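Enquirer:
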Amino acid sequence: SPTIDSIDGEVAIRKPEYVPCGIKEPSQGIRKLIKSLDLAKHQEGGYFKETDRSPFYMENPYYPGHNRGTEDEPLRLGKSTEPVLPHPEDAQKKITPHRNTSTLIHYLLTCDAYMGRLHKNHSRIIHILQRGRGQYVLVYPDGTIKSFVVGFDVEKGEVTQWVVPGEVYKASFLLPLNGEPSADDHLLISEVVVPGFEFDDHRFMRSYEELKALVGDRAEELKWLLEA
Ligand code: GUN
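Sequential numbering from 854 applies to the sequence shown in the numbering used here.
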C-alpha cells in the first residue's frame, strides 16, 4: 500500500540496539552522505536539511479566522467533536497570516541518531523513502497506535510512501538493514509539508503523563520514544 490508511494493527515496537551493541559512530560511507547532503542535527533526533521552500505564499490556514481548508469546519481532533483550544504554551507562539506554500527536507536516521522523538504538526506530512529502512510509530488523538516498517521490501508489506495526518504524533527509528545493527544502517527520506514548515505548527509530546493520557498502559512500552 502506498500510504498507511489500510494498515491495521502494528509491527512490534522494540528499541534498536545500537547503544547496547557499542555502535556509536556511523560508517565512513554514512558520514560522507551526511557531508554531501549538508545535513545538520535535528532537535527531534536524526539529521536534516531543508532543500526547498516555495517562494510562493498562501493564506496560513492556522491563522485565527482563516479557513483551515475543511469546508469552514474548525479543526477537530480524531473522533472528538470538541473544537481544539490552543495549549497555553502554543497561545504564546507568533502566528503569521501567510505561509510559504510548501517545504521539502531530507531527513536521515543513523546509528548515532537512531530515532526521531514523538512530535506532531498541524499539517499532514508526505514522506518518501530514499534509502535504507526504519519504523514509524503513530499515536492518534483517540489513542490509536499504528506502527509500520518503511523499506523497499514491498512484498513483505514495507512501504516507500506514507502520509502522516495532521495532529497525529509520530516517532521514527532506525532498523538494521541486514539483521544485525551496523554502523552502515541508515534511513534517508524526503518530507513534503503544505503549507511550508514553521515551528508554530510543530509540537513535541511534552511528558510521560501526556503519553499515558493518550495510550494508557502502553505508555511504558512507548516511553523511550519521548527521548531523542
Ligand atoms: N527546521 C527545523 N525543523 C524543520 C523541519 O522539520 N522541517 C523544515 N522544513 N524546517 C525545519
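A virtual CB, placed ideally from N, CA and C, is assigned to each residue, including glycine. Please read all numbers here as calculations on a predicted model, not as lab measurements.
1) Give the C-beta separation of residue 970 and residue 1081 to the nearest angstrom, bearing in mind that I take them to be a contact with Cβ-Cβ under 8 angstroms.
2) Just checking residue 1082 against ligand 1 - is the residue's beta carbon closer than 7 angstroms to any of the ligand's heavy atoms?
3) Among the residues of its own chain, which have a CB less than 6 angstroms from the CB of residue 1030, if the five just before and after it don't count?
4) Just to confirm, are residue 977 and residue 1017 a CB contact at a threshold of 8 angstroms?
5) Is it the case that the Cβ atoms of residue 866 and residue 992 are separated by a distance below 8 angstroms?
6) Are the region 878-888 and the region 1012-1028 touching, with three or more C-beta to C-beta distances below 8 angstroms?
7) Decide if residue 913 is buried, meaning its Cβ has at least 16 other Cβ atoms within 10 Å, or exposed.
8) Starting from the C-beta of residue 894, find all residues in its chain whose C-beta is less than 7 angstroms away, skip the five residues before and the five after it, and write them out in chain order.
9) Rounding to the nearest angstrom, what Cα-Cα distance links residue 864 and residue 1078 in this structure?
10) Just to check, is the beta-carbon of residue 903 closer than 7 angstroms to a non-hydrogen atom of ligand 1?
11) Going by DSSP in three states, residue 1050 sits in which element: helix, strand or coil?
12) Hey, quick one: how far does the alpha helix (DSSP H) through residue 889 stretch, first residue to last?
13) Less than 8 angstroms between the beta carbons of residue 1020 and residue 1048, yes or no?
14) DSSP has residue 1076 in a bridge; who is on the other side?
Expert: Taking the structure as given:
1) Taking the sequence shown and counting its residues from 1, the one referred to as residue 970 is at position 117. Taking the sequence shown and counting its residues from 1, the one referred to as residue 1081 is at position 228. About 4 angstroms separates the two Cβ atoms, so the contact holds.
2) In the structure as shown, the chain starts at 854 and stops at 1081, and residue 1082 therefore has no counterpart that could be examined.
3) Locating residue 1030 in the sequence shown gives position 177, where the first residue counts as 1. Only 986 and 1038 meet the Cβ criterion.
4) Start at 1 with the first residue of the sequence shown, and residue 977 comes out as number 124. Start at 1 with the first residue of the sequence shown, and residue 1017 comes out as number 164. In this structure, residue 1017 lies closer than 8 angstroms to residue 977 by Cβ.
5) Position 13 of the sequence shown holds residue 866. Position 139 of the sequence shown holds residue 992. No; because the gap between Cβ atoms is not below 8 angstroms, this pair is not in contact.
6) no
7) If you number the sequence shown from 1, residue 913 lands on position 60. With 16 or more other Cβ atoms within 10 Å, it is buried.
8) If you number the sequence shown from 1, residue 894 lands on position 41. Contacts found: 900 and 966.
9) As a first step, residue 864 must be located in the sequence shown, where it is residue number 11. As a first step, residue 1078 must be located in the sequence shown, where it is residue number 225. Their backbone Cα atoms lie some 15 angstroms apart in a straight line.
10) Stepping through the sequence shown from its first residue, residue 903 is reached at position 50. For ligand 1, a non-hydrogen atom lies closer than 7 angstroms to the CB of residue 903.
11) Counting from 1 along the sequence shown, the entry for residue 1050 is found at position 197. Coil.
12) If you number the sequence shown from 1, residue 889 lands on position 36. It spans 881-889 - the alpha helix (DSSP H) in which residue 889 sits, taken as one unbroken run.
13) The sequence position of residue 1020 within the sequence shown is 167, counting from 1. The sequence position of residue 1048 within the sequence shown is 195, counting from 1. No, they are not a contact pair.
14) If you number the sequence shown from 1, residue 1076 lands on position 223. In the DSSP output, where bridge partners are listed per residue, residue 1076 has none listed.
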